[in-house]
Every structure is written in C-alpha cells, then in structure tokens.
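J.:
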Amino acid sequence: MLLKERFREFMPVVLDLETGGVNPIRNAILQIAVVLLDWQSDRLVPGESYSWEVTPFEGSLISETSIQMNHIDPNDESRNSQNEDECLRDCNRIIRKRLRAEECKRALLVGHNAHFDRSFYRCAMYRNKIKRDPFHLFTVLDTASLSALVYGHTVLSIACERAGIEYDIDLAHSAPYDAKVTAELFCMMVNEFPYEPTWPLESNFELNSS
C-alpha cells in the first residue's frame with residue numbers, strides 16, 4: 044500500500060506553532076515547526092523536520108501569559124528570526140515538494156488541537172497574501188481528539204505517557220519539540236489501528252479541495 048492509498052490521496056504533515064496568544068488575527072506567530080512523515084512497509088514513521096523562528100508581524104500583540112508558557116523572547120536577536128512571509132513560503136515549498144513526490148493532492152494538518160494551528164496558519168497566509176496553501180482548507184487530523192478516543196485523555200503529555208512515549212516537560216511548548224512528540228504519537232495511533240480495507244483503494248481519486 045502507498046501513502047496516497049492509505050489516506051485517500053491526502054498527505055499528513057505534523058505542524059506546531061508557538062504564538063503570542065490565542066487570537067489568530069491579532070496575536071503573532073513566534074515559531075513554526077513541521078515534521079514530514081514517511082511510509083515504510085505499511086507503517087507511518089516520523090521523517091524530516093524543519094523549524095523557523097518567526098519575527099512578529101507589525102502591529103501584532105504578544106501576551107505575557109504566552110511568553111511565560113513558551114519562554115520565547117521575541118526581542119532576542121539570537122533567535123535569528125525571519126519575516127513571517129519568508130517562513131511561510133519556505134514551509135509551503137517543502138510541503139509541496141513532498142506532495143509531488145508522494146503523488147498526493149493536498150496536505151492534511153496533523154496537530155494537537157489542530158484547529159488552533161490551522162486557524163493561525165490560514166490567517167498568516169491571508170495576511171501575507173499567499174494564495175497557494177498546501178493544506179486542506181478545513182480537514183485536519185487532531186491528535187487531541189484521537190488521544191481522547193485511544194488513551195482517554197486530551198493532554199499531550201498524558202497521552203504520550205499512556206502511549207509509552209517519552210515526554211520532557213522542560214522542552215514542552217517549543218514548536219520543534221511539540222511537533223516531534225506529536226508526530227510520534229500520531230504515527231503510533233495510526234500504526235496500531237487495525238486498518239484492513241475491504242474496499243477498492245482510491246488510487247485515482249480526484250480530490251475536491253473545496
């Protein structure tokens with residue numbers, strides 16, 4: 044089975060953002076991290092990872108509560124941050140390249156509370172006038188919801204503990220680290236699910252992206 048056959052010509056991509064608050068319109072994105080997933084012998088495994096330190100967009104708001112949680116100082120020059128537009132375009136190029144390689148039509152955002160990350164990403168795309176979004180407009184794969192089903196809990200650290208995945212609380216709320224453990228958790232849930240299709244594989248499925 045190919046990756047495109049397992050997910051109906053969608054390609055799961057783990058994405059995690061660290062932000063300056065919970066409002067996707069007004070609060071800044073501070074970090075972006077993605078983990079690409081590889082399909083090996085009918086199993087999903089974490090692959091290459093990428094991350095960006097993001098310069099807050101002009102006029103954005105950053106709450107003190109968020110800074111206390113993610114420990115990101117937006118004024119720290121050692122972050123070597125890049126403009127939001129540049130980070131988004133670089134991230135999108137990486138995802139589109141893998142989409143072509145896997146012969147998939149659209150990426151599915153995998154995240155813990157994925158709609159949060161999707162809303163920030165969409166607003167940032169709109170803000171920077173970037174029209175080619177590699178992610179599906181509204182469909183996501185949310186590991187918080189899946190963890191509630193499989194492990195009886197929505198908190199990432201507890202879900203990882205119950206899944207037997209090491210979770211370092213001191214590294215939490217860093218986009219690269221959270222993306223890494225989210226990828227491990229998602230792959231474990233996918234691989235442990237007894238997926239034995241009795242229906243025809245949709246190799247030639249035409250994706251309606253609307």
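The sequence shown begins at 44 in this note's numbering and counts up one residue at a time.
Glycine included, each C-beta is placed from N, C-alpha and C at the ideal position.
(1) Note down the Cα distance separating Pro99 from Glu146, rounded to an integer number of angstroms.
(2) Go to Tyr93, then tell me how far its beta strand (DSSP E) extends in each direction, as first and last residue.
(3) Quick one: Cα of Val193 to Cα of Met232, how far?
(4) Where do the N-terminal and C-terminal ends of the beta strand (DSSP E) with Thr182 fall, by residue?
(5) Give a yes or no on whether the C-beta atoms belonging to Ala202 and Ser190 are separated by under 7 angstroms.
(6) Report yes or no: do three or more beta-carbon pairs, one from the stretch 158-177 and one from the stretch 60-77, lie closer than 8 angstroms?
(7) Rounded to whole angstroms, what is the Cα-Cα separation between Ala144 and Ile212?
(8) Which term fits Gln74, buried or exposed, when burial requires 16 or more other beta carbons within 10 angstroms of its beta carbon?
(9) Just to confirm the assignment: which complete beta strand (DSSP E) runs, minimum length 3, are found wholly within the stretch 116-197?
(10) Which residue's Cα is closest to the Cα of Glu107: Gly154, Pro240, Asp176, Thr62?
T.: Well, looking at it:
(1) 34 angstroms
(2) 86-98
(3) Pairing Val193 with Met232, the inter-Cα distance amounts to about 8 angstroms.
(4) 178-185
(5) yes
(6) Flag = yes, the stretch 158-177 and the stretch 60-77 touch.
(7) 35 angstroms
(8) With 16 or more other Cβ atoms within 10 Å, it is buried.
(9) 149-154, 178-185
(10) Thr62
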